[in-house]
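Student: Chains as they are written, first to last, in the numbering used here: chain W, 12 to 81; chain G, 12 to 81. Backbone N, C-alpha and C fix where the C-beta goes; we use that ideal spot for every residue, glycine too.
Protein chains: 2
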Amino acid sequence: MKNLRLKAARALLDMSQKDLAEAVQVSRQTIHAIEKGDYNPTIKLCLSICHVLGKTLDELFWEDDENEVE
Amino acid sequence: MKNLRLKAARALLDMSQKDLAEAVQVSRQTIHAIEKGDYNPTIKLCLSICHVLGKTLDELFWEDDENEVE
DNA sequence: GCATTTTGTCAATTATATTTTACTTTTTGT
DNA sequence: ACAAAAAGTAAAATATAATTGACAAAATGC
Numbered sequence: 012m013k014n015l016r017l018k019a020a021r022a023l024l025d026m027s028q029k030d031l032a033e034a035v036q037v038s039r040q041t042i043h044a045i046e047k048g049d050y051n052p053t054i055k056l057c058l059s060i061c062h063v064l065g066k067t068l069d070e071l072f073w074e075d076d077e078n079e080v081e
Numbered sequence: 012m013k014n015l016r017l018k019a020a021r022a023l024l025d026m027s028q029k030d031l032a033e034a035v036q037v038s039r040q041t042i043h044a045i046e047k048g049d050y051n052p053t054i055k056l057c058l059s060i061c062h063v064l065g066k067t068l069d070e071l072f073w074e075d076d077e078n079e080v081e
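Shown next as structure tokens:
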């Protein structure tokens with residue numbers, strides 16, 4: 012359920028969870044929870060994250076079995 | 012803000028709001044609100060809708076100014 | 001090894017997505 | 001024109017996304 016693509020995209024820009032959280036104006040815990048796969052963010056937040064990380068929805072949030080863990 | 016692509020994709024399959032609502036197990040009002048653009052659904056619900064309608068997240072929920080009204 | 005940053009985690013609160021019921025307005029078919 | 005289905009709308013209740021604060025564990029740099 013982990014979103015490793017999000018983690019990777021963030022790493023590619025050398026951003027910490029805190030950096031991303033501030034960029035999209037949510038709490039650090041929210042970013043952590045999304046990466047961990049604990050719960051489902053709103054589409055609005057997903058879009059904000061995509062814009063900051065320079066990715067599309069399909070690239071970060073489309074789910075095929077290839078891109079997930081656990 | 013209206014999501015006309017969702018409406019169109021639904022029309023293409025000859026599904027009513029009620030049909031789609033039942034297929035993704037939410038209320039008809041939720042589908043209506045999403046099409047109207049009133050609020051932001053969760054990514055999980057967006058993914059369910061995509062699967063039922065045979066579209067990707069980018070096709071239905073990516074926002075460039077081309078695809079929206081008002 | 002030590003200090004600092006980053007990440008992981010938890011509980012309690014707040015904001016908001018979603019439901020339910022109910023009613024009105026449009027659309028569609030005959 | 002009429003009936004039936006579909007779509008639009010609204011208020012109150014419920015479920016859950018997101019916040020906040022605080023602390024522990026792991027990673028990074030010196």
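#1: With DSSP as the reference, label W:LYS66 as helix, strand or coil.
#2: Based on DSSP bridge pairs, tell me the residues matched to W:THR41.
#3: Can you pull the chain W residues whose beta carbon is under 7 Å from the beta carbon of G:ASN51, in chain order?
#4: Using the Cα positions of G:VAL37 and W:LEU17, report the straight-line distance between them to the nearest angstrom.
#5: Residues of chain W with CB closer than 7 Å to the CB of G:THR41, please, in chain order.
#6: Would you tell me roughly how many angstroms separate the C-alpha atoms of G:TYR50 and G:ALA44, rounded to the nearest one?
#7: Can you check whether the C-beta of G:ASP25 is within less than 8 Å of a C-beta belonging to chain W?
#8: Against W:GLU74, what residues of chain G qualify as contacts under a CB-to-CB distance less than 9 Å, listed in chain order?
#9: Alpha carbons only, please: which of G:MET12, G:HIS62, G:LYS13 is nearest the one belonging to G:ALA32?
#10: What residues from chain W crowd round G:LEU68, counting only those whose CB sits closer than 7 Å?
#11: Spatial neighbours of W:GLN28 within its chain, please: C-beta separation below 7 Å, excluding the five flanking residues on both sides.
#12: Sort G:ARG21, G:THR67, G:ASP25, G:LEU56 by Cα distance to G:VAL35 and report the nearest one.
#13: Please state if the CB of G:ALA20 and the CB of G:LEU64 are separated by a distance shorter than 8 Å.
Tutor: A quick look at the data gives this:
#1: Coil, per DSSP.
#2: In the DSSP output, where bridge partners are listed per residue, W:THR41 has none listed.
#3: THR53, ILE54, LYS55
#4: 28 Å
#5: Within chain W, no residue comes near G:THR41; the closest Cβ sits about 13 Å away, beyond 7 Å.
#6: 7 Å
#7: At a cut-off of 8 Å between C-beta atoms, G:ASP25 does not count as an interface residue with respect to chain W.
#8: LEU58
#9: G:HIS62
#10: LEU68, ASP69, PHE72, TRP73
#11: ARG39, ILE42, HIS43
#12: G:LEU56
#13: yes
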